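To convert, count from 1 in the sequence shown and add 1; that's the numbering used here.
Read through the structure below, which is laid out as structure tokens, and then see the notes.
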Amino acid sequence: MKLIYILLALCWSLKGFSQVPVKKQQLIDSAYQIASNHKLPVDDRLSAYRYCCWKTVYLDFNQGLKISGEYLDLAKTTAQYDKIAQAHHFLGHSYLMLGQIDRAEHILKEGLDLALANQMYEGVATLYGDLGNLKNSQGNSDLALEYHFKCLDYANKHQLNVEYARAKINIGEIYEAQGQYKLSIATFQEALHFCTTHKFGGFKSSIYENLGNINLSIKEYSTAQKHYLTAISYAKRLNNNNRLIRSLNKLGELNLELNDLDRALQNYKEALRVALTTEASLLEAKVRTNLAEVYLQQNHLKEAKANITLAITQLENLKIKEDLDKAYIIAAKTDHKLNRHNESYRYYQKAYRTAKDNHHLQPLKLASEGLALAYESRGDLTKALTYYKAYNNYNNQIRNEEGIRDIIRLEMQDIYQKKSLADSINKANEITLLQYQYDKKEERNRLRNYTALSSIIILILLVICVTYFYHQKKKIAAVLSKKNRVIENALNDKEILLKEVHHRVKNNMQVVSSVLYLKSKNTENNIAKKALIDSKTRIDAMQLAHQKMYLKGNYKQIDVKDYFNDIVKLLLEPIKTDDDTFTVHGTQLWLDVEQAQTLGLILHELIANSIKYAWSKPHQKQVNISIEKLEQDIAFRYTDNGCGLPEGTTIESSQSFGLKLIYALSTRQLLGKLDINNSDGFDLKITFHAR
Numbered sequence: 002m003k004l005i006y007i008l009l010a011l012c013w014s015l016k017g018f019s020q021v022p023v024k025k026q027q028l029i030d031s032a033y034q035i036a037s038n039h040k041l042p043v044d045d046r047l048s049a050y051r052y053c054c055w056k057t058v059y060l061d062f063n064q065g066l067k068i069s070g071e072y073l074d075l076a077k078t079t080a081q082y083d084k085i086a087q088a089h090h091f092l093g094h095s096y097l098m099l100g101q102i103d104r105a106e107h108i109l110k111e112g113l114d115l116a117l118a119n120q121m122y123e124g125v126a127t128l129y130g131d132l133g134n135l136k137n138s139q140g141n142s143d144l145a146l147e148y149h150f151k152c153l154d155y156a157n158k159h160q161l162n163v164e165y166a167r168a169k170i171n172i173g174e175i176y177e178a179q180g181q182y183k184l185s186i187a188t189f190q191e192a193l194h195f196c197t198t199h200k201f202g203g204f205k206s207s208i209y210e211n212l213g214n215i216n217l218s219i220k221e222y223s224t225a226q227k228h229y230l231t232a233i234s235y236a237k238r239l240n241n242n243n244r245l246i247r248s249l250n251k252l253g254e255l256n257l258e259l260n261d262l263d264r265a266l267q268n269y270k271e272a273l274r275v276a277l278t279t280e281a282s283l284l285e286a287k288v289r290t291n292l293a294e295v296y297l298q299q300n301h302l303k304e305a306k307a308n309i310t311l312a313i314t315q316l317e318n319l320k321i322k323e324d325l326d327k328a329y330i331i332a333a334k335t336d337h338k339l340n341r342h343n344e345s346y347r348y349y350q351k352a353y354r355t356a357k358d359n360h361h362l363q364p365l366k367l368a369s370e371g372l373a374l375a376y377e378s379r380g381d382l383t384k385a386l387t388y389y390k391a392y393n394n395y396n397n398q399i400r401n402e403e404g405i406r407d408i409i410r411l412e413m414q415d416i417y418q419k420k421s422l423a424d425s426i427n428k429a430n431e432i433t434l435l436q437y438q439y440d441k442k443e444e445r446n447r448l449r450n451y452t453a454l455s456s457i458i459i460l461i462l463l464v465i466c467v468t469y470f471y472h473q474k475k476k477i478a479a480v481l482s483k484k485n486r487v488i489e490n491a492l493n494d495k496e497i498l499l500k501e502v503h504h505r506v507k508n509n510m511q512v513v514s515s516v517l518y519l520k521s522k523n524t525e526n527n528i529a530k531k532a533l534i535d536s537k538t539r540i541d542a543m544q545l546a547h548q549k550m551y552l553k554g555n556y557k558q559i560d561v562k563d564y565f566n567d568i569v570k571l572l573l574e575p576i577k578t579d580d581d582t583f584t585v586h587g588t589q590l591w592l593d594v595e596q597a598q599t600l601g602l603i604l605h606e607l608i609a610n611s612i613k614y615a616w617s618k619p620h621q622k623q624v625n626i627s628i629e630k631l632e633q634d635i636a637f638r639y640t641d642n643g644c645g646l647p648e649g650t651t652i653e654s655s656q657s658f659g660l661k662l663i664y665a666l667s668t669r670q671l672l673g674k675l676d677i678n679n680s681d682g683f684d685l686k687i688t689f690h691a692r
């Protein structure tokens, strides 16, 4: 029997204390022995309990719930109201993180009443902030703001810096959720400055996460990603698992919006792992909702259904409405793909009602569309028309909001640019004013000294010069007019000749291409037919260059990005599926015709090799092509996600005609440097000097 008790105690210990780092857990265990020792003085025990709560309630919610409950029971036996209020805060926070909302609200209100009655200002500010977080999690943002502003007022009056920073962050979060981005950014910047001034590093993870949320909302993706990574770094450094889950979850949402499903899935799985480890039910439900959305987009319906069902169950049990409408939408879409139309219809109805209560436009739009299609399939055209009208209404509202976000994003981008421009204009105006004053002074001096003499001389010279230049101008104008006509005629003849030459070259190439194509159709030898088709497509790639010159009227240079796009359309568009991505990166870049044609032939051979050898079995095909100008060189890069070159094969030693041609054109024609990376697919880079 003793052995059974020992095993049970060991299991409980592993469950309760396994979420905290080993060294920190050893300190908590030592402090807990003091706190739970009834023979020691109460003050010593309260101090030990306070230490244990600080180290557990933000890392391991179950362990924090147990210890904070014991802390509150002991504090109530004393008249130390500040300790009682603090214990209410710890216990209420633990209940909230574990999703026990009703218990959390009861504990927090009880602690607030006690702190107000006994003028425990720090406890009042803390508990107001806790209640604000609780109401915000329930979707009541107006009441949440009211609580947070009360917290801010108490903190400001009584110089409670920690609570002041926390209240600022919470208010900024609610402003961001309400779409008041300018106000939210201003609030977070004040909070960040305040935390930096007072060296509150623990809050910076939250601030950077929320700044990332705002930039994600206004589609400033690079800035949002930078803020999320900073938030994750601070959260890991401070072992703040709650913030780590949120930041990973938001980084996943960013990658999902960028359609990078693999990275989004990786972020969500990491967030779910931390949430399961810390038993954070509320955050787990939110992460599972997003995870189900990724699985749905990847058409992994079994995984999507399992995750969204569990997420909905958790959110409904916790009575959390914030993300419930989104979860219902994902469940409806999943059931629709699984041909469970009745279940899909019911979820769309739930989503519509929940989104209506929460005033969430995007879920309302999606639910309206789903219900309209459902009623249309059932033959109830009246209700279908009603929901189609609702869909159009919500869609217009969302478009209006997105337009406002675009305006806000542009305004924020212009803030620093306008400030820099204003400084430059002011400096330029100052220099111009000084120069003007100096010139005016010099001019007055000259006029005063030489006015009389200069007037007579200028008048005489003016008459002479006008007469002389008038006759000279007439002679020069006549000569220039004649020469200009000759030059203009010569240029017109040259342009017509060049156009005709390139037009005929293009036509001749078209004829050759057509002959090769007809010959390939009449050739039964597969090797010969393949060689004829390869030759045809090479000529087509060269023909495109002459066509560009003829259409643009520029016979010295070609826009290679536009040229590459045409080659991609010529070779890859016929084999493209919905999952494939063929992209040409870079900006407009004009190159010498000969170099551009050489690059076109190289690109043709690379694409042809990818089509023939890169993808041995059906799967998503990716080709990325980039051309950019460095300081003195041009860098061309081609990558695909295929199998790469066979092991031990190099482009220099390859027996393939295409690879030999690529190597020869790169090193001999372009006089460039060729680098190949064969570790993940095929990656080729050519660097050469532009003519």
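Just so it is clear, CB atoms sit at the ideal spot from N, CA and C, and this is done for glycine as well.
Treat the numbers as computed from the prediction; the structure is a model and nothing was measured.
- V585 places its beta carbon less than 8 Å from that of V569.
- With a cutoff of 8 Å on beta-carbon distance, K322 and D358 are scored as near each other.
- In the DSSP assignment, D634 falls outside any alpha helix (DSSP H) and within the unbroken beta strand (DSSP E) covering 634-641.
- The count of Cβ pairs closer than 8 Å, one atom from the segment 91-107 and one from the segment 270-287, reaches three, so the stretches are in contact.
- For the pair G133 and H149, the CB atoms are nearer than the 8 Å cut-off.
- For K686, the enclosing beta strand (DSSP E) starts and ends at 683-690.
- Bounds of the alpha helix (DSSP H) holding I175 are 162-178.
- With respect to G130, N171 sits close: the two C-beta atoms are nearer than 8 Å.
- Between the C-alpha atoms of D541 and Y664 there is a straight-line separation of about 21 Å.
- Contact between L372 and Q350 is confirmed by a C-beta separation of about 7 Å, below the 8 Å threshold.
- Counted as a single uninterrupted DSSP element, the stretch harbouring L75 is not any beta strand (DSSP E) but the alpha helix (DSSP H) occupying residues 62-76.
- By the criterion of a C-beta distance shorter than 6 Å, L109 is surrounded in its chain by G93, L128, D131, L132, once the five residues flanking it on both sides are discounted.
- DSSP places S627 in the uninterrupted beta strand (DSSP E) bounded by 623-630.
- For the pair D567 and S611, the CB atoms are not nearer than the 8 Å cut-off.
- Per the C-alpha coordinates, the member of Y209, T355, N214, N555 positioned closest to A236 is Y209.
- Within a 10 Å sphere around the beta-carbon of N308 sit 16 or more other beta-carbons, which makes this residue buried.
- In the three-state scheme derived from DSSP, where H, G and I count as helix and E and B as strand, V288 is classed as helix.
- Secondary structure within the segment 279-352: the alpha helix (DSSP H) runs of 4 or more consecutive residues, fully enclosed, are 282-298, 302-319, 325-338 (chain order).
- The beta-bridge partner set that DSSP reports for W55 is empty.
- A contact is defined here as three or more CB-CB pairs under 8 Å, and the segment 72-89 meets this definition with respect to the segment 103-121.
- It is roughly 9 Å from the alpha-carbon of Q120 to the alpha-carbon of Y82.
- F565 is classed as buried because its beta carbon has at least 16 other beta carbons within 10 Å across all chains shown.
- Contact between the segment 629-647 and the segment 671-688 is present: 3 or more CB-CB pairs across the two stretches fall below 8 Å.
- Secondary structure note for K158: its alpha helix (DSSP H) is the uninterrupted segment 142-158.
- The segment 639-668 is shown to contain whole alpha helix (DSSP H) runs of 4 or more residues at 658-665, in chain order.
- Taking all protein chains shown into account, E370 has 16 or more neighbouring C-beta atoms within 10 Å of its C-beta and is therefore buried.
- For H107, the uninterrupted alpha helix (DSSP H) segment begins and ends at 102-118.
- When only Cα atoms are considered, S234 and N394 end up about 42 Å apart.
- The DSSP-derived three-state label of D381 is coil.
- Under the three-state reduction of DSSP output, H586 falls in the strand class.
- For the options A126, Q27, Y388, the alpha carbon positioned closest to that of E377 is the one of Y388.
- Counting along the chain, Q181 sits inside no beta strand (DSSP E), nor does DSSP assign it H or E at all.
- In this structure R167 is buried. Its beta-carbon is surrounded by 16 or more other beta-carbon atoms within 10 angstroms.
- Excluding residues up to 5 positions away in sequence, H199 lie with their Cβ nearer than 6 Å to the Cβ of N162 in the same chain.
- In this structure, the alpha-carbon of F204 lies about 18 Å from that of H90.
- Here N214 is not near K169, since their CB atoms are 8 Å or more apart.
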